[in-house]
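Asker: Heads up: the sequence lines are chains A and B, in that order. Under the working numbering, the first residue of the first sequence carries the number 1, and numbering increases by one thereafter. Under the working numbering, the first residue of the second sequence carries the number 1001, and numbering increases by one thereafter. The beta-carbon is built from N, C-alpha and C at its ideal position, and this holds for glycine as well. Everything numeric in this text was worked out from a predicted model, so none of it was measured. Got a structure here, written out as structure tokens. Questions coming.
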Amino acid sequence: MEDKIKALHELMESSLSKVKDKSELSDFWQTYFSKKGKISELMKGLGKVSKEERPAVGKIINDFKVSAKARYREVEQILEKKELELRNKAETIDITLPAKKREKGCLHPITLVKNQMIDVFAGMGFEIFEGPEIEDESHNFTRLNVPENHPARDMQDTFYVADGILLRTHTSPGQIRVMDTEKPPIKVLVPGRVFRSDSDATHSPMFHQMEGLVIDRKITLCDLQGMLDKFVRNIFGESVRTRLRPSYFPFTEPSVEVDVSCFECGGKGCNLCKQTGWIEVLGGGIVHPKVLENGGIDPNEYSGLAFGIGIERIAMLKYGINNIGLFFENDLRFLSQFRD
Amino acid sequence: MKVPFSWLKEYVDIDITAQELEKKLFGCGFEVEELIDLSAEIDRVVVGIVTECEPVEGTHLFVCKVDCGDYGKNIQIATGAPNVYKGMHTPAALDGSSLPNGVKIKSKPLRGIESNGMLCSGEELGLNDDLYPGSEVYGLLDLPKDTKAGEDICKVVGLDDYIFDISVTANRPDCQSVLGIAREVSAILGKPLKMPALDYTVSDYVYDGFEITVEAPDLCPRYIGHGVHNIRYAQSPAWMRRYLALCDIRGISNVVDITNFVMLEIGQPMHAFDLEQLSGKKIVVRRAKKDEKITTLDSKEFTLSENNLVICDGEKPVALAGIMGGLNSGISENTKELLFESAKFTRDNIRKTSRSLGQSTDASAHYEKGVSEYTAEIAMCRALHLIQELDCGEVTASAFDVSAGAERVGKKFDVSIKSIESILGIEVPEEKILEILSNLCFETVKDGDTLHITAPRWREDIETGSADIAEEIIREYGYEHITPTFLSDSAVTVGGLTRQQNEIIKTKNIMCSQGYCEISTLGFYADSDLDSLHIAPNAPERNVIRILNPISSNLTIMRSLLAPSVLNTVVNNIKLGNMSGRIFEISNIYVPKSLPLTELPDEILHLGFAAFGDSEDFFTVKGTVEALADAYGLKFSYERAKDVPYLHPGISAYIICNGEKIGCFGKLANDVLGELSLHRDSKENHHIFIGEIDYRAFSKLFPDSISYKPVSEFPAVSRDIALIADEEILCGDIVDEIEKTCPLAKNTELFDIYRGGQIENGKKSMAFRLNFIPTEKAVSAEEVSGFITDILKNLKEKFNIEMR
Chain A
1 MEDKIKALHE
11 LMESSLSKVK
21 DKSELSDFWQ
31 TYFSKKGKIS
41 ELMKGLGKVS
51 KEERPAVGKI
61 INDFKVSAKA
71 RYREVEQILE
81 KKELELRNKA
91 ETIDITLPAK
101 KREKGCLHPI
111 TLVKNQMIDV
121 FAGMGFEIFE
131 GPEIEDESHN
141 FTRLNVPENH
151 PARDMQDTFY
161 VADGILLRTH
171 TSPGQIRVMD
181 TEKPPIKVLV
191 PGRVFRSDSD
201 ATHSPMFHQM
211 EGLVIDRKIT
221 LCDLQGMLDK
231 FVRNIFGESV
241 RTRLRPSYFP
251 FTEPSVEVDV
261 SCFECGGKGC
271 NLCKQTGWIE
281 VLGGGIVHPK
291 VLENGGIDPN
301 EYSGLAFGIG
311 IERIAMLKYG
321 INNIGLFFEN
331 DLRFLSQFRD
Chain B
1001 MKVPFSWLKE
1011 YVDIDITAQE
1021 LEKKLFGCGF
1031 EVEELIDLSA
1041 EIDRVVVGIV
1051 TECEPVEGTH
1061 LFVCKVDCGD
1071 YGKNIQIATG
1081 APNVYKGMHT
1091 PAALDGSSLP
1101 NGVKIKSKPL
1111 RGIESNGMLC
1121 SGEELGLNDD
1131 LYPGSEVYGL
1141 LDLPKDTKAG
1151 EDICKVVGLD
1161 DYIFDISVTA
1171 NRPDCQSVLG
1181 IAREVSAILG
1191 KPLKMPALDY
1201 TVSDYVYDGF
1211 EITVEAPDLC
1221 PRYIGHGVHN
1231 IRYAQSPAWM
1241 RRYLALCDIR
1251 GISNVVDITN
1261 FVMLEIGQPM
1271 HAFDLEQLSG
1281 KKIVVRRAKK
1291 DEKITTLDSK
1301 EFTLSENNLV
1311 ICDGEKPVAL
1321 AGIMGGLNSG
1331 ISENTKELLF
1341 ESAKFTRDNI
1351 RKTSRSLGQS
1361 TDASAHYEKG
1371 VSEYTAEIAM
1381 CRALHLIQEL
1391 DCGEVTASAF
1401 DVSAGAERVG
1411 KKFDVSIKSI
1421 ESILGIEVPE
1431 EKILEILSNL
1441 CFETVKDGDT
1451 LHITAPRWRE
1461 DIETGSADIA
1471 EEIIREYGYE
1481 HITPTFLSDS
1491 AVTVGGLTRQ
1501 QNEIIKTKNI
1511 MCSQGYCEIS
1521 TLGFYADSDL
1531 DSLHIAPNAP
1541 ERNVIRILNP
1551 ISSNLTIMRS
1561 LLAPSVLNTV
1571 VNNIKLGNMS
1581 GRIFEISNIY
1591 VPKSLPLTEL
1601 PDEILHLGFA
1611 AFGDSEDFFT
1621 VKGTVEALAD
1631 AYGLKFSYER
1641 AKDVPYLHPG
1651 ISAYIICNGE
1661 KIGCFGKLAN
1671 DVLGELSLHR
1681 DSKENHHIFI
1691 GEIDYRAFSK
1701 LFPDSISYKP
1711 VSEFPAVSRD
1721 IALIADEEIL
1731 CGDIVDEIEK
1741 TCPLAKNTEL
1751 FDIYRGGQIE
1761 NGKKSMAFRL
1771 NFIPTEKAVS
1781 AEEVSGFITD
1791 ILKNLKEKFN
1801 IEMR
């Protein structure tokens, strides 16, 4: 019996060493460990062994079985490792091939700048109001203290759609609409599309403005500058300063143009600021008392500040765009640069 | 507006440079758009005295020795000018000098003769006869003999000067003149203003019976006329012609030059009539009669209407008021008697007439900006003074002044110093306030905190309030005194976007996450844009708001749909070589409540979108649409959109939400595609999908708030079934039927469609995953089998669908 086991051991070792893959290993299992396998046969042969020897022989057979199974596992693990390696190799890819992706879309640069501006002013306590784009003369002109015979009323600048009804030429009518519905303190921002009958390299017949209006007791020119300081620093950087200079708008008095120190050259003079060190960014002023009156607010009790910002102007400065037409051409190669 | 530096200095002693003055004007609200240095292009050109001058045989040249003072006493220069002579004083451009138009002069031989520069004509210095008399003679500029060798030529010929090109804001028509700017400069520098001489003496001569009447005082508040007798036609003096020339006006004759000079100096357009050409001894200022005609000085004939103001004699119009005189009454060299006109016409009437007739002049430009009655008064005095100064004729006693009766004093009002400070936010020293107002010619009497103010008569822009005065104070005191504060005395407010505004931002972000780029298109287009989408002539989208004064035939109507704008953007991008892309826009469409408009129209936000390129199909776009629904917890269903003219009838859908049709999308209709202005190949190959959602209607369906519903504690059970259906049966109908049959069936998914093979022709095999989601108790396998039996039974009855 011992010889038999020894011979089987040798046979097993030799056939195990020939096993190359899992199916051969499975055959090996069938040959040795299945119910009809060689080890079972050995066990069956135990019946022929004398009673006295039987426990000892049984132990030998069992030991053999245990060691054989261990050997089997060993080989199985080697094979598995080899197969995994092979599979990994087969599956290996060129990781430098182009990525598969769905390109994310992007917001229009005007929206980006508009949202940023809204963020700044919303943080200062401004509500956002949007008025109609088709307006009446009363809101667009008369109540804003643009007199009947003012050149701005001329057909040359304004698109009319009916007698007394026009495409708003600015977001300022929003001032009147807010005053009609709200009582001071008022802090409101009016972004929106505006229209002028004008079209060339620097003008588009439609563009975007953002009106700001604050009405409260004791609003001064100092507040206007302080507020706009915070705004321009947020948009153009902390080192930017503002400068006020006199201007004229019918609905504010005093009226000012607001320049920012050139963020490109720091005020030394460059092409962007046309060597002046300053860039004109917006207009504003102290709300004209007549406009307050027209909005039903007592100018003796309250005062206000207002400003109007051209969103395209800010976007052009911020992104270095030199032609306003690009915003409305909607070339995807242009638009896709504004991922934020 | 152009203002020569030298002319300004006639009225104010200016002791700062032109550049310094430019800065000060800017600070006070007068932006100098350009400061033109007349000598900028001229360098190293000096007075030369020709000491020797010999003709060179066989040529037209002369070889000269020129005394250029410090630059060389004996410089040899050759010249071809025939008028050169020994002893001539003439401009000499030295070696290395520059002349206008980028001309550089270097020493070089001229036909073999050494020449160390160039002797110049007036024209070569950029001069004409008006700027410097004698400049237009053929040959060299013959300078006076009192000029010194080596003297800078610019000083000699008056090119050492600057022109301020100033942009004047619309509220300051009083500054549309040299005198107006001089008043500001005088205030800025705190120096007295030297008024131009306005005095004249009147002779006894009278035009008997002549009279002036104004029949339209609403359009002509003031009309001043004055006769001048025995006109002596001549050229005006060099100083006057030079000033005119610096402002781009050519000298014509003494009288015409006076009217132009006064317009530039005082800001008042004037007109001169040949009095002997006026019939009926009268001037009548009235509205034109309908179809009345006038031929203006430039020989153009105009047919007028009652909206135009005309100046007439006893019979006919003799001038188009404020714009141009008539050809029938203009002055000529034969004019002996003339009538000066200095009037105030209302600015909007002149503007409207000028625009409607297409006739604009320097005079009409001044009137459009506005002139004051004060200006009209002093302009007449100035013109009459100049008539005498230039000895052109005798000022007669025939003087007329027809006024609508405005007061001849400045506006009077009271302002408190405190109110000025409350606008500015800073304290300005009282003496500074008084000084500034005085410099600006406001008469001010201080009484405690109150200032009793009389505004100067030319400041018709001044209204009667503290705001006006605060503005005057701060622009002179300087905006740099403003110290930024941040609403130090204001109430705290809660700001931020409204819910709807936030939702728009969210919607835009969803579109971006789906790969769509936001576009911004104009709010108007043309009927042809609706045509190209095959919108029927009687469709509601044709009910559009028209622009009464369009600037282009492409921009005539307010848009009633976003789709044309979106499609145009797609086409433009394909033309630019962007062969695929996804775009969207959220913008208003405009819907009139009635036409013509009598009230403001509805402005309705729409979401327009398009996807184009090889990889797009109906379902990629449908995915976007569903992403929108998912984002707001809504469910969309679809109906075939067979009647959307720009969509493919078989590849398009209406979007239904809560039973409401809120939009549509699909493949661009083949016929619409075929007509696009694209190359044929690119049309064939292009998959263009386009859609439009009524965003306002959509957003009204957004749930108000999220409310939590407990999740089922029982596991869902899924079963896959394969069905054989007729080809025309719609997936959506099957799903609806399944979910209607069994209330627990939710989120039924189609995961495969198979045609051919063992499947009969005209049929398709569809594999569905049915998800049964229990609510109150767990479902058993038997129950599920029961559901499926019921479902199959109904599908068989309704659609003749069999289990595969």
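(1) For N1549/B, would you say it is in contact with chain A, using Cβ-to-Cβ distances shorter than 7 Å as the test?
(2) Which residues mark the beginning and the end of the alpha helix (DSSP H) in which D949/B is found?
(3) Where DSSP assigns a beta bridge to A985/B, which residues make up the other side?
(4) Buried or exposed for V1621/B, going by 16 or more other Cβ atoms inside 10 Å?
(5) Based on the DSSP secondary-structure assignment, which residues constitute the bridge partners of L1605/B?
(6) Does the beta carbon of A315/A come closer than 7 Å to any beta carbon on chain B?
(7) Would you mind giving the Cβ-Cβ distance between L326/A and C1512/B, rounded to the nearest angstrom? I have them listed as a contact below 8 Å.
(8) With distances taken from CA atoms, which of K1411/B, S1419/B, L1487/B is nearest E1460/B?
(9) Identify the contact partners of N1578/B in chain A, using a Cβ-Cβ distance below 8 Å as the criterion.
(10) At the 7 Å Cβ level, is C222/A part of the contact set with chain B, yes or no?
(11) To test your reading of the DSSP string, which unbroken alpha helix (DSSP H) runs of 4 or more residues are found completely within the segment 267–325 of chain A?
(12) Whole angstroms is fine: what's the gap from T1295/B's alpha carbon to T1303/B's?
(13) Is there a Cβ of chain B sitting closer than 7 Å to that of G125/A, yes or no?
(14) Identify each residue in the segment 89–116 of chain A for which the Cβ-Cβ distance to at least one residue of chain B is less than 8 Å, and report them in chain order.
(15) Beta carbon of E1124/B, beta carbon of L1140/B: below 7 Å?
(16) Would you verify that the beta carbon of C185/A is, or is not, closer than 7 Å to some beta carbon of chain B?
(17) Are M117/A and M227/A close, meaning C-beta to C-beta below 7 Å?
(18) Could you list which residues in chain B have their beta carbon closer than 9 Å to that of K268/A, in chain order?
(19) Taking C-beta to C-beta, are I1510/B and I1473/B nearer than 7 Å?
(20) Contact check, E1394/B vs N1230/B under 8 Å by CB: the rounded distance?
(21) Could you tell me the boundaries of the alpha helix (DSSP H) in which V232/A lies?
(22) For N1771/B, which three-state DSSP category applies?
(23) Within the 7 Å Cβ cut-off, does I134/A reach chain D?
(24) Got a sec? Which residues, its chain only, sit under 7 Å from I1113/B by beta carbon, not counting five neighbours each side?
(25) Please tell me whether D1095/B has its Cβ less than 7 Å away from any Cβ of chain A.
(26) Based on Cα-Cα distance, which residue from F141/A, R243/A, G269/A lies nearest to H170/A?
(27) Check each candidate in S1677/B, R1769/B, H1606/B, A1697/B and name the one with the smallest Cα separation from S1718/B.
(28) Beta carbons nearer than 8 Å to chain A: which residues of the segment 1418–1438 of chain B have them?
(29) How far does the alpha helix (DSSP H) with P55/A in it extend, from its first residue to its last?
(30) Compare the C-beta of A1491/B with all C-beta atoms of chain A and state if any pair is closer than 7 Å.
(31) DSSP three-state label for I1212/B, please.
(32) Compute the beta-carbon to beta-carbon distance between V1318/B and L1264/B, rounded to the nearest angstrom, for a pair I have assumed lies under 8 Å.
(33) Within the 7 Å Cβ cut-off, does I1474/B reach chain A?
(34) Alpha carbon to alpha carbon, how far is N62/A from I1788/B?
(35) What did DSSP end up calling D1643/B once you bin it into helix, strand or coil?
(36) Starting from the N-terminal side, write out each stretch of the beta strand (DSSP E) that is 3 residues or longer and does not extend beyond the segment 1233–1297 of chain B.
Answerer: Let me spell this out:
(1) With 7 Å as the cut-off, N1549/B counts as an interface residue toward chain A.
(2) For chain B, the structure presents residues 1001 to 1804; residue 949/B sits outside this window and is missing.
(3) Because chain B here runs from 1001 to 1804, residue 985/B falls outside it and cannot be looked at.
(4) V1621/B is buried by the Cβ-count criterion.
(5) DSSP lists N1588/B as partners of L1605/B.
(6) Cβ-Cβ to chain B under 7 Å: no for A315/A.
(7) So it is not a contact: roughly 20 Å between Cβ atoms.
(8) K1411/B
(9) Chain A residues near N1578/B: D331, L332, R333.
(10) yes
(11) 289–294, 311–319
(12) 9 Å
(13) yes
(14) From the segment 89–116 of chain A, only R102, E103, K104, G105, C106, L107, H108, I110, T111, N115 have a Cβ closer than 8 Å to chain B.
(15) no
(16) Note on residue identity: the sequence assigns Pro, not Cys, to residue 185/A. So yes, P185/A belongs to the interface.
(17) no
(18) None at all; the shortest Cβ gap to chain B is about 17 Å.
(19) 7 Å or more divides the Cβ of I1510/B from the Cβ of I1473/B.
(20) 5 Å
(21) Here the alpha helix (DSSP H) through V232/A covers 221–236.
(22) Note: N1771/B maps to strand in three-state DSSP.
(23) Checking the listed chains, one finds no chain D in this structure; the protein chains it contains are A and B.
(24) V1056, L1061, V1063, A1078
(25) no
(26) F141/A
(27) Among S1677/B, R1769/B, H1606/B, A1697/B, the Cα nearest to that of S1718/B is on R1769/B.
(28) The segment 1418–1438 of chain B vs chain A, Cβ under 8 Å: S1422, I1423, L1424, G1425, I1426.
(29) That run of the alpha helix (DSSP H) goes 54–91.
(30) yes
(31) strand
(32) Not a contact, Cβ separation roughly 24 Å.
(33) yes
(34) 56 Å
(35) coil
(36) Runs of the beta strand (DSSP E) lying entirely within the segment 1233–1297 of chain B and spanning at least 3 residues, in chain order: 1270–1274, 1282–1287, 1293–1295.
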